[in-house]
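K.L.:
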RNA sequence: GCACCCGUAGCUCAGUGGAUAGAGCAGCGGAUUUCUAAUCCGUUGGUCGCGUGUUCGAAUCACGCCGGGUGCGCCA
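Numbering (the numbering used here), first residue to last: 15 to 594.
#1: Which first and last residues belong to the alpha helix (DSSP H) in which residue 289 is found?
#2: Who does residue 545 pair with in a DSSP beta bridge?
#3: By how many angstroms is the C-alpha of residue 132 removed from the C-alpha of residue 338?
#4: What does DSSP give as the partner residues of residue 234 in its beta bridges?
#5: Could you check what DSSP says for residue 574 in three-state terms: helix, strand or coil?
#6: What does the alpha-carbon distance come out to for the pair residue 26 and residue 85?
#7: Nearest to residue 20 by CA position, among 35, 36, 43 and 547, is which residue?
#8: Rounded to whole angstroms, what's the CA-CA distance from residue 154 to residue 50? Just pull it up for me.
#9: Identify the continuous beta strand (DSSP E) that holds residue 295 and give its terminal residues.
#10: CB-CB under 7 Å to residue 390, same chain, minus the five flanking residues each way: which ones, in chain order?
#11: Taking the beta strand (DSSP E) that residue 379 falls in, what are its first and last residues?
#12: Within the stretch 510-569, note down every full alpha helix (DSSP H) run reaching 4 residues or more, in order along the chain.
#13: Whose C-alpha, out of 237, 532 and 284, is nearest the C-alpha of residue 331?
#14: What does the alpha-carbon distance come out to for the pair residue 14 and residue 296?
#15: Using CA coordinates, which residue listed in 135, 39 and 156 is at the minimum distance from residue 587?
#16: Measure the Cβ-Cβ separation of residue 472 and residue 438 and say whether it is below 8 Å.
#17: Between the alpha carbons of residue 510 and residue 161, how many angstroms are there, rounded?
#18: Return yes when the Cβ of residue 104 is within less than 8 Å of the Cβ of residue 575, no when it is not.
#19: Just to confirm before moving on: does the CB-CB distance between residue 299 and residue 334 stay below 8 Å?
#20: Take every Cβ of the stretch 343-351, pair it with every Cβ of the stretch 129-144, and state whether three or more of those distances are shorter than 8 Å.
#21: Take residue 64 and list the residues in its own chain whose beta-carbon comes closer than 6 Å to its own, dropping the five residues that flank it on each side.
#22: Could you give the DSSP three-state label for residue 103: helix, strand or coil?
#23: Between residue 564 and residue 505, which are expected to be in contact by the criterion C-beta below 8 Å, what is the C-beta distance as a whole number of angstroms?
#24: Identify the residues that DSSP records as bridge partners of residue 366: which are they?
#25: Confirm, please, whether the CB-CB distance from residue 227 to residue 184 is below 8 Å.
#26: What distance in whole Å lies between the Cβ atoms of residue 223 and residue 216, which are believed to be in contact at a cut-off of 8 Å?
#27: Curious, which full-length alpha helix (DSSP H) runs of at least 4 residues does the stretch 34-80 contain?
#28: Which ranges would you report for the alpha helix (DSSP H) in the stretch 385-438 if only whole runs of at least 4 residues count?
#29: Following the continuous beta strand (DSSP E) through residue 346, name the residue where it begins and the one where it ends.
#30: Would residue 143 and residue 394 be called neighbours here (beta carbons separated by less than 8 Å)?
#31: In whole angstroms, give me the CA-to-CA distance for residue 419 and residue 527.
#32: Check residue 174 in the structure and name its three-state DSSP category.
#33: So which of 512, 359, 96 and 245 has the shortest CA-CA distance to residue 378?
#34: Report the three-state DSSP secondary structure of residue 93 (helix, strand or coil).
#35: Round the Cβ separation of residue 534 and residue 446 to the nearest angstrom and send it over; I've been treating them as touching at under 8 Å.
#36: Can you pull the DSSP bridge partners for residue 319?
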């Protein structure tokens, strides 16, 4: 659906082609850098001036004259050296709002070119507990899944589990040496990780242990029935525990195809690459070299088979890529992993090109989570923090705040709210930051009720819900169905206009977040919307509005803002609480 | 050694070719018999790491330097 900003864009394009005979320029229309200039600005005159060798100011004035005053904007003003500034008529905002307000998708169309997108995220090594390091991939990937689904794509969320790697050699050996069926049944992941750590330590000190672990792995990979049986037990125990965490985080997958699935395909993959001359033997290992077409990878070969015949992470990733292509007809694959794997994905993508695969491949990388000392977040003992414990602490801290502020609520309700606020705050702290950067983890900032935080957004949502509840109890039902009244635009409060402007621009934040795989654009938008709403809330009484039509219109603003916040939070994987 | 990422207010961060660089926190000063103050308003605070260039215009692009991080043939 068209909003004033779209209208301005189209008007400019129309003017370009009809009056200037230009179809190449794409005018940039954005909110004015300073509100005193107007609502929206465009730099089109600068773009054209360069090539046409004209004075930008003169061009801008010509645009202004041609467009003139119209149903959407007042007469455009030319500012600076050639900016064209548009001031939107309140009536145009109101019309756009009224046209959009009953749309369940809030005026956002589904894409006309749906793609099949595979998102590879979370992807932990199993037989070990999830730790902080898994948090970013898990929630970032989940948001990308939600976002692309909402925009109308076919999305396949695939948890590429590390269920076949070296850790199993250690765990198998550990279990055979110190195994305890009861302990395994009780706390599977903790127990398995304990075994892993123990053997890893022993292996560091003893070559013999190292060899034994390696042998257990080889036995597993060559189909030894005892080891396979144990492996199966370990995997299932791990998955059960993992699911608990995913459930707490409200993260869902369509598939959880681990590395073991691709294991049978690996010899064929290597064989094919050798045959095609893409790979060759080097120092006993099979390598892919990227000499000519990929200068950045010139001296960075990709090893796909070790001297001892074993396959690697890279080999599995190639098999996985081929699988996703042939079984799912993937048109785009997004890998959500930390930025240290950048080189690996450059190699993988380059190899895909060598194989003639030309689908969209993206590495959505992200930085590390640091402690307040700017070093990787660790426990006091120096071990990595378990995700399970991090979630518990977030919820506990939220509970303490709620317990303090809401003595009136039942115990169960307080727990529910603490859960949503704690987990939401944890997710939001991560998502609201540019993913490329490392970020510094701070409980204080996380659960603060001020600033760019989940609790602040939730609070705005809660307040609106409270108004809507009160309205409903006095007969205003769902404001979606409210009667058609005539709304006077000249009595609109500036904050009402601000609020309309804010809710109408929701779609741009979604498009940007999806295009750049960066949810923080959506967070910034929602934060601004919550701020604008709070201002409106301070200055414009809703239930106590001076006229009936004003009251109903303000209820409609509340309703639409509520739905926008609610959808935005849901896309971020945060539960939009109705009270807190 | 080479490659990539980062450097913006005391702190945490937005802003990646547009006008006078923004927010939050912290600090200071105000507002509440509330549509939930879990809020709002005002205010202090900047050689955008440094230098040179490209451009009508640079925090943003190019090159060089400084500082921090990450990666670089048998880990994932």
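Note that the Cβ used here is the ideal one computed from N, Cα and C, for glycine as well.
P.N.:
With the given structure in hand:
#1: Per DSSP, residue 289 belongs to the alpha helix (DSSP H) from 280-289.
#2: For residue 545, no pairing in a beta bridge is given by DSSP.
#3: A straight line joining the alpha-carbon of residue 338 with that of residue 132 spans about 8 Å.
#4: In the DSSP output, where bridge partners are listed per residue, residue 234 has none listed.
#5: If DSSP states are grouped into helix, strand and coil, residue 574 belongs with the helices.
#6: In a straight line, the C-alpha of residue 26 is about 15 Å away from that of residue 85.
#7: Nearest option by C-alpha distance: 43.
#8: Rounded to the nearest whole angstrom, the CA to CA distance from residue 154 to residue 50 is 37 Å.
#9: Residue 295 -> beta strand (DSSP E) spans 293-296.
#10: Within the same chain, and ignoring the five residues on either side of residue 390 in sequence, the residues whose Cβ sits closer than 7 Å to its Cβ are 382 and 384.
#11: Looking at the DSSP string, the run of the beta strand (DSSP E) that includes residue 379 is 374-380.
#12: Within the stretch 510-569, the alpha helix (DSSP H) runs of at least 4 residues that lie entirely inside it are, in chain order, 520-529 and 534-553.
#13: Out of 237, 532 and 284, 284 has the C-alpha closest to the C-alpha of residue 331.
#14: Only positions 15 to 594 of the chain appear in this structure, which leaves residue 14 out of reach.
#15: Of 135, 39 and 156, the residue nearest in Cα terms is 156.
#16: Taking 8 Å as the Cβ cut-off, residue 472 and residue 438 qualify as a contacting pair.
#17: So the alpha carbons of these two residues sit roughly 28 Å apart.
#18: Cβ atoms of residue 575 and residue 104: not closer than 8 Å.
#19: When the beta-carbon positions are compared, residue 299 and residue 334 stay at least 8 Å from each other.
#20: Yes, the stretch 343-351 is in contact with the stretch 129-144.
#21: Contacts found: none.
#22: Reduced to three states, the DSSP call for residue 103 is coil.
#23: Correct: roughly 7 Å between the Cβ atoms.
#24: According to DSSP, which records beta bridges pairwise, residue 366 is partnered with nothing at all.
#25: Between residue 184 and residue 227, the C-beta spacing is below 8 Å.
#26: Contact holds; Cβ gap of about 5 Å.
#27: For the stretch 34-80, whole alpha helix (DSSP H) runs of length 4 or above, ordered along the chain, are 58-66.
#28: For the stretch 385-438, whole alpha helix (DSSP H) runs of length 4 or above, ordered along the chain, are 401-419.
#29: Taken as a continuous stretch (DSSP letters only), the beta strand (DSSP E) holding residue 346 covers 346-352.
#30: No.
#31: Rounded to whole angstroms, residue 419 to residue 527 spans 35 Å at the Cα level.
#32: It is coil, neither helix nor strand.
#33: Of 512, 359, 96 and 245, the residue nearest in Cα terms is 359.
#34: Residue 93: strand per DSSP, three-state reduction.
#35: Confirmed, about 5 Å.
#36: Paired residues: 300 and 325.
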